[in-house]
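Since the structure comes first, as structure tokens, the remarks are kept for the end.
In full-length UniProt numbering, the protein residues as written are 1 to 123.
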């Protein structure tokens with residue numbers, strides 16, 4: 001997940017600062033500039049799309065992790081557990097993605113914002 005840090009610009013007074021996303025421990029000025037070009041509605045839509053994509057990715061991972069389990073119980077190989085297991089892994093994946101996931105959503109969000117910023121006309 002991206003962290004936000006406060007960066008002072010040379011032109012800014014000592015008391016004023018703006019928020020810049022960081023990437024790999026360093027300020028991501030490229031993303032900060034792109035966010036200035038993209039509307040808040042588009043940013044929210046990109047964030048939801050990125051989170052949904054990560055949830056889908058995690059669901060696929062969790063499904064593969066539990067597909068070979070045999071035996072009794074909730075993850076066993078009984079008649080009703082297949083449907084129950086698929087619903088459980090779907091909920092797990094959504095919750096993991098909302099809680100920050102494994103970092104897929106962060107990169108997808110950055111990519112979406114960068115692409116949208118390139119399509120915005122500057123006058």
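For glycine and all other residues, C-beta sits at the position ideal for the given N, C-alpha and C.
Predicted model, so just to flag it, every value in this text is computed and none were measured.
When the five nearest sequence neighbours on each side are left out, the beta carbons in the same chain lying within less than 7 angstroms of the beta carbon of residue 42 are those of 116, in order along the chain.
Around the CB of residue 89, 16 or more other CB atoms lie within 10 Å, so the residue is classed as buried. When rounded, the separation of the alpha-carbon atoms in residue 49 and residue 22 is 21 angstroms. The continuous alpha helix (DSSP H) containing residue 89 extends over residues 81-98. Residue 93 sits away from residue 65, with the two beta carbons spaced by 9 angstroms or more. One Cα belongs to residue 82, the other to residue 53, and the distance between them is close to 23 angstroms.
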